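Peer 1: Take a look at the following structure, please.
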Amino acid sequence: MSVQDFALAAEVAARRRWGVTAALLALVVLLLVLSLGIGPVRLSPLAVIEALFGGGSDVAQVIVREIRLPRTILAFAIGGILGLSGAALQGLLRNPLASPSLFGAPQSAAFGAVLVIALGLADVRSYALPVVAIIAAFGSVFALLAIAGRNAGLLILILAGLAISSFAGAATALVMNLSSNPFVVLEIAFWLLGSLEDRSVQHVALALPFIIAGAAVLLSQANAFRALTLGEEAAQSLGVDVGRLRLLVITGVALGVGGAVAVTGTIGFIGLVAPHLMRPLIGHDPARLLVPSALTGSALLLAADIAVRIIPSTSDIKVGVLTSIIGVPFFLYLIMRERRALGGGVA
Amino acid sequence: MTLLSATALNASLGSRKVLHDVSLSLEAGHLAALVGPNGAGKTTLLRALAGLIPSDGEVRIAGDALASLQLRERAKRFAYLPQGHMVHWPLPARDIVALGRYPHGATDPARLSPRDIEAVLRAMQAVDVIEFSDRRVTELSGGERSRVALARVLAVEAPVILADEPTASLDPRHQIDVMQKLRNVADTGVLVIVVTHDLGLAARFADHVLVLSDGRLAAQGAPDEALSENVLANVFRISAYRAEFQREAVIVPWADV
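If you're matching them up, the sequences are chains A and B in order.
The numbering used here puts the first residue of the first sequence at 139, with every later residue one more than the last.
The numbering used here puts the first residue of the second sequence at 66, with every later residue one more than the last.
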C-alpha cells in the first residue's frame, strides 16, 4: 500500500461522513422551519421565511419572531447540547450506555433549579437559576465519576447513576414537600416535566451562553476521546492528560445540561439515543460522533416539540414526557443488546 | 550507551508500597525482559518508567529527567503497550495504528501528513498487518489484534518501547512471532522492555533480564546470570530444565508436585 492509497482511503471515508453531516444539517433546517410554522396559527414554510426576515403581515411576524423563534432556538440548542453531552460522556467512558440522564445530571440540575424556585429567587432575568442548576449538575457528574473510579464497568456506572438520580429525585421531592406555597409546588411540578412552551427571548439569553460554552469545551476535546479508545493508560501514554480531560468533560456537560434544564426542566434520553442513531452511519470513532450526535439531538428535540403541538390531546403533552416515553424503551433495547457486557459485571 | 536509567525508584498503589528502591540502567538497541512472580510490581515499574504514575526517585531518558518533560514530550519518547490490547470501539485497524502518531500532533487519522502516513505504513509492514488495514479491530482474532496493537506502538517511533505482557493469551507460534518482531525493533536501535511470564522467551530473545521480586530487583544481567538456579529457586520457587536448541538458550520451568 502506498502513501497515496492510504490517504485516498481516508479521504473516501471522510467524504461519506461529510455527506451524512450535510444531510443532517438539511434535516435540522427543515425542522427549524416546520417548528416556526406549526401552532394554533399554521404558517407555510414560505410565509415563515418571509416573516423571519421582516416580510409578511405584522401578525405573522409577531408569531414567528417573538412567540415561536425563542422556543425553536431553545429546542435546537438544547437538543444539540444533550446529543453532544451524550456522545462526549460515551467517549470519555468508552461506554455506549453513558448519558447525562442516566447519570442523574438533569435530575440534579432540576433539584438545584427547584431549590431556587422554592426559595423565591427565580427570576427570568436572574442568572441564579442556571448557575445553581449548573453547580448541581457538576456535583452529580463529579460524584458519579469519583464513585465509579477509573476504568469503571457498565454496571458500576449505571448503579451509581441510579443512586444519584434517585437522590436528586428525593431531594427535589423534599423541597416540594417542605414548600408551603401550593402555587410554587404546581409551578415546580409542571416545570419538572420539561417543556419548551411559552419560552421568551429572556430564556434564550439565560441558557444560550452556558450551552455554547459547554459545547465549546466538549468539542475542544474531540481528539482525546479518540485516543481513549485504547483505554486510559494508553491514552495517557499518548500524551492525553486524562485527569484534566475528565474535569473538562464534567464541566462541559454541567454547563450545557445545567443551562438547558434551567429554562426547560428535565428533558431526558436524547443524549443516550443520538449517538446510537449515528454509529451505523458515521462509524464508532468517538471524535467524529460529536457533531453528528449534536445535530441528531437537535433534530430529535425539534421533532418532539413539533409532535407535542400536533398530537391531538385535551391537555398539552410536555416534550420532556414525550422524549422519556420514547427514550426509556430504547434504553431497554440497549440493555438487551449490551446484556453480555452487563452480565460480565465489572469487566 | 545508557538510554534509560532509574535511580532509587519507589512507587505506591494506594497505601501499599509496590516498588522499593529500584535502580536500573538500560541501553539503546537492547531487548530487556522484565520477569517476576504475579504481584511483584512489573506493571507498576513499567508505568513508573513511562511516568504514567507518580513515583519517587529519578528516571532519566537520553539524559533528560523524566519529571522535567511535558506529557507530549514523554509520549514521543515512550511507546507504551498496556496489557490486554484493549480497544473499546470497533475502529478500523488503520485508525488504531494511526493513533501512534498522536504524540506527534497527528490527532486525526483522516488528516495525516505524508510523513505520518509513512510512519504508519512502516509500522504496519513491520508486523504484517497491512492486509487488515480496513477491518475493524474487534473483528480480528487475538493474534491479529495483538499485531495491530504492536503496530500502533511502533508507529510512535519512540526510542523506548514498554510492552506489558504482549504475548499473553497468544498461541505459541504468535508468542514467538511477537517476540521476534520486538527483537527486530530492538536491533534497529530501540530500547524494548517486555514484561513476560515466559522465562523461555526471555532467555531466548532478551539481552538483559530484570528479575523483580516483591517490588525489589532481585537480579539483573544477561539471561543466564539473571535466571540462575538460585534466582529461580528464591524468586519463583522453581527449578528449570536447561538446554540449547539450534544454538539458542532453552529454559523449561519445573516444579515438583
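All residues carry an ideal CB built from backbone N, CA and C; glycine is no exception.
None of the values given here were measured: they were computed from a predicted structure.
Rounded to the nearest angstrom, what separates Phe143(B) and Leu117(B) at their Cα positions?
Peer 2: Computed Cα separation, rounded: 10 Å.
Peer 1: Under 8 Å, with one C-beta from each stretch per pair, do the segment 118-127 of chain B and the segment 270-287 of chain B reach the 3-pair mark?
Peer 2: With the cut-off at 8 Å, the segment 118-127 of chain B and the segment 270-287 of chain B do not touch.
Peer 1: Given a cut-off of 7 Å, decide if Val378(A) and Ala400(A) are closer than it, judged by their beta-carbon atoms.
Peer 2: In this structure, Val378(A) does not lie closer than 7 Å to Ala400(A) by Cβ.
Peer 1: May I ask you to list, following chain order, the residues of the segment 370-389 of chain A that have a beta carbon less than 7 Å from some beta carbon of chain B?
Peer 2: Listed by position, the residues of the segment 370-389 of chain A near chain B (Cβ gap below 7 Å) are Glu371, Ala372, Gln374, Ser375, Leu376, Gly377, Asp379.
Peer 1: To which residues of the same chain is Leu472(A) closer than 8 Å at the C-beta, ignoring the five residues directly before and after it?
Peer 2: So the qualifying residues of the chain are Pro234, Leu235, Leu410, His414.
Peer 1: Using a Cβ cut-off of 8 Å, pull out every chain B residue sitting near Pro424(A), in sequence order please.
Peer 2: Ordered by position in chain B, the residues that pass the 8 Å Cβ test against Pro424(A) are Trp154.
Peer 1: Roughly how many angstroms separate the alpha carbons of Phe469(A) and Leu111(B), rounded to a whole number?
Peer 2: One C-alpha to the other measures close to 40 Å.
Peer 1: Does DSSP classify Ala148(A) as helix, strand or coil?
Peer 2: Ala148(A): helix per DSSP, three-state reduction.
Peer 1: Does any C-beta atom of chain B lie closer than 7 Å to the C-beta of Met416(A)?
Peer 2: By this cut-off, Met416(A) is not an interface position.
Peer 1: For Glu476(A), which residues does DSSP report across the bridge?
Peer 2: Answer is none; Glu476(A) lacks a bridge partner.
Peer 1: If contact is defined by three or more beta carbon pairs under 8 Å, each pair taking one atom from either stretch, is the segment 418-428 of chain A in contact with the segment 154-172 of chain B?
Peer 2: Touching, yes.
Peer 1: If the criterion is Cβ atoms closer than 7 Å, does the pair Phe407(A) and Ser239(A) meet it?
Peer 2: Cβ distance < 7 Å, so Phe407(A) and Ser239(A) count as in contact.
Peer 1: On the CB-based measure, 16 or more other CB atoms within 10 Å of its CB, does Gly482(A) come out buried or exposed?
Peer 2: Residue placement at Gly482(A) is flagged as unreliable, the pLDDT there being 47, under the threshold of 50; the coordinate-derived value follows with that caveat. Classification for Gly482(A): exposed.
Peer 1: With a 10 Å radius around its C-beta and 16 neighbouring C-beta atoms as the bar for buried, classify Asp143(A) as buried or exposed.
Peer 2: With fewer than 16 other Cβ atoms within 10 Å, it is exposed.
Peer 1: Any Cβ of chain B within less than 7 Å of the Cβ of Ala152(A)?
Peer 2: Yes, contact with chain B.
Peer 1: Beta-carbon within less than 6 Å of Val315(B)'s beta-carbon, same chain only, minus the 5 sequence neighbours each way: which residues are those?
Peer 2: Within the same chain, Val315(B) has close Cβ partners Ala308.
Peer 1: Going by alpha carbons, who is nearest to Ser195(A) out of Leu207(A), Ser318(A), Leu181(A)?
Peer 2: Closest option to Ser195(A), Cα to Cα, is Leu181(A).
Peer 1: Residues of chain A with CB closer than 9 Å to the CB of Ser198(B), please, in chain order.
Peer 2: Correct list: Met139, Phe144, Ala147.
Peer 1: Closer than 7 Å, Cβ to Cβ, to anything on chain B: give me those residues from the segment 350-363 of chain A, in chain order.
Peer 2: Within the segment 350-363 of chain A, the residues whose Cβ lies closer than 7 Å to some Cβ of chain B are Asn361, listed in chain order.
Peer 1: I'd like the ranges of any beta strand (DSSP E) spanning at least 3 consecutive residues and lying wholly in the segment 230-287 of chain B.
Peer 2: As far as the segment 230-287 of chain B is concerned, its whole beta strand (DSSP E) runs of at least 3 residues are 256-260, 273-278, 281-286.
Peer 1: Could you name the residues of the same chain whose beta carbon sits closer than 7 Å to that of Thr232(B), not counting the 5 residues immediately before and after it, in chain order?
Peer 2: Cβ within range, chain order: Gln240, Val243, Met244, Thr261, Asp263, Leu266.
Peer 1: Closer than 8 Å by beta-carbon distance: list the chain B residues that pair up with Thr159(A), in chain order.
Peer 2: Near Thr159(A) there are no residues of chain B at all, since even the closest Cβ is about 13 Å away, more than 8 Å.
Peer 1: Please report the straight-line C-alpha distance between Pro450(A) and Gly177(A), rounded to a whole angstrom.
Peer 2: Near 12 Å, if we compare the C-alpha coordinates of Gly177(A) and Pro450(A).
Peer 1: Tell me whether the segment 334-341 of chain A and the segment 200-208 of chain A touch, counting them as touching only if at least three CB pairs, one residue from each stretch, are closer than 8 Å.
Peer 2: Touching, yes.
Peer 1: Between the alpha carbons of Ser375(A) and Val300(B), how many angstroms are there, rounded?
Peer 2: Spanning the two alpha carbons is a distance of roughly 30 Å.
Peer 1: Say whether chain B places a C-beta atom closer than 7 Å to the C-beta of Arg180(A).
Peer 2: So no, Arg180(A) is outside the interface.
Peer 1: Given this structure, state the Cα-to-Cα distance separating Ser234(B) from His273(B), to the nearest angstrom.
Peer 2: Each residue's alpha carbon lies about 24 Å from the other.
Peer 1: List, in order along the chain, the chain A residues whose C-beta lies closer than 7 Å to that of Asp173(B)?
Peer 2: Simply Asn361.
Peer 1: Could you work out which residue in His95(B), Val202(B), Val259(B) is closest to Thr67(B) when comparing CA atoms only?
Peer 2: Checking every option, the nearest Cα to that of Thr67(B) belongs to His95(B).
Peer 1: Just how far apart, CA to CA, sit Tyr167(B) and Glu138(B)?
Peer 2: Those two C-alpha atoms are separated by around 11 Å.
Peer 1: Check each candidate in Leu331(A), Ala442(A), Ile296(A), Ala445(A) and name the one with the smallest Cα separation from Glu476(A).
Peer 2: For Glu476(A), the nearest C-alpha among the options comes from Ile296(A).
Peer 1: Measuring straight from C-alpha to C-alpha, what distance separates Ser304(A) and Ala71(B)?
Peer 2: Taking the straight line from one Cα to the other gives about 49 Å.
Peer 1: Can you give me the C-alpha to C-alpha distance between Ile255(A) and Leu438(A), rounded to a whole angstrom?
Peer 2: Between Ile255(A) and Leu438(A), the C-alpha separation is close to 28 Å.
Peer 1: With DSSP collapsed to three states, give me the class of Asn315(A).
Peer 2: Three-state result, Asn315(A): helix.
Peer 1: What residue range does the alpha helix (DSSP H) around Arg142(B) cover?
Peer 2: Taken as a continuous stretch (DSSP letters only), the alpha helix (DSSP H) holding Arg142(B) covers 136-142.
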